[in-house]
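Numbering-wise (my numbering), the sequence shown opens with residue 5 and increments by one.
All residues carry an ideal CB built from backbone N, CA and C; glycine is no exception.
Working notes, structure below.
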Amino acid sequence: MSSRSHAHASGSRRWNYFHSALDLAVQRSAHKWKFEDFAECFPKYVSEDKEGAMQTFNQVADYVEAATKRDFENVFKEYDLQTNIDILDKIVADAKTRKASGGPLPPNVCTGTNANLHPRSAVCGRTIPILEAQAERLRESLAELEAENIALVSELEDKAGEMKTLRTRAVRMLDGFDQTHETWNNMPMDEIQAWTAQLAETTTPTLRS
């Protein structure tokens, strides 16, 4: 089992639920673009090599999924998100236990007008600003990934255009060779011999000089 899977399994229920839901969302998002959509963007490529196009499409989707998950994991580590969510889970569990047993609130929240503050409100007041900042960071990461995806699609389109240009040039060259070969084969032998003799007479003085 990888360290990532181990950390996932050893986290709180709230963390495991969050991580699983995010993994599923990333997977669905990365594979939301269907092959039919890919074919509309690269019809020539798909018509000439459908199997290769399918492999390219799957590779792009897998890359987007892996890169997105990797970036999220980096954000989790940067903000120690699992630890914070585990702490949140414990705060909520403790608040529910105190409420069920009728126990007092912690001293830092049981003062003045906060004496009767509901546990959920206390938790939200502490955690919402942190979660909002983390959500903003995740939105920025998603925006960066979307920009990278757009750049990747643009690069694929450029490559497809280059391949089309090279293919067109190759076809033109082959057509030229075929025409030259056909013209040569259709020339009478006496004309070929006369042309060869004339060419020899023209080039011999030049070579001697």
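query: C-alpha gap between Ser105 and Ile89, whole angstroms; result: 24 Å
query: First through last residue of the alpha helix (DSSP H) which encompasses Ser105; result: Leu85 to Ser105
query: Sufficient close CB pairs (3 or more, under 8 Å) joining the segment 21-32 to the segment 41-58; result: no
query: Reduced DSSP category for Trp188 - H, G, I as helix; E, B as strand; rest coil; result: helix
query: Supposed contact pair Asp75 and Ser145 - C-beta distance, whole angstroms, cut 8 Å; result: 5 Å
query: First through last residue of the alpha helix (DSSP H) which encompasses Phe61; result: Lys54 to Glu82
query: Cutoff 8 Å; reference Asp163; Cβ partners in own chain excluding five residues on either side; result: Residue identity check: residue 163 is Lys in the sequence provided, not Asp. The answer is none, since no qualifying residue turns up.
query: CB of Ala71 within 9 Å of CB of Trp37, strictly; result: no
query: Short Cβ contact (9 Å threshold) for Ala57 with Tyr49; result: yes
query: Contact check, Gln138 vs Leu178, beta carbons under 9 Å; result: no
query: Inter-residue Cα distance where the pair is Arg143 and Leu149; result: 10 Å
query: Burial state of Ala34, where buried means 16 or more other Cβ atoms lie within 10 Å; result: buried
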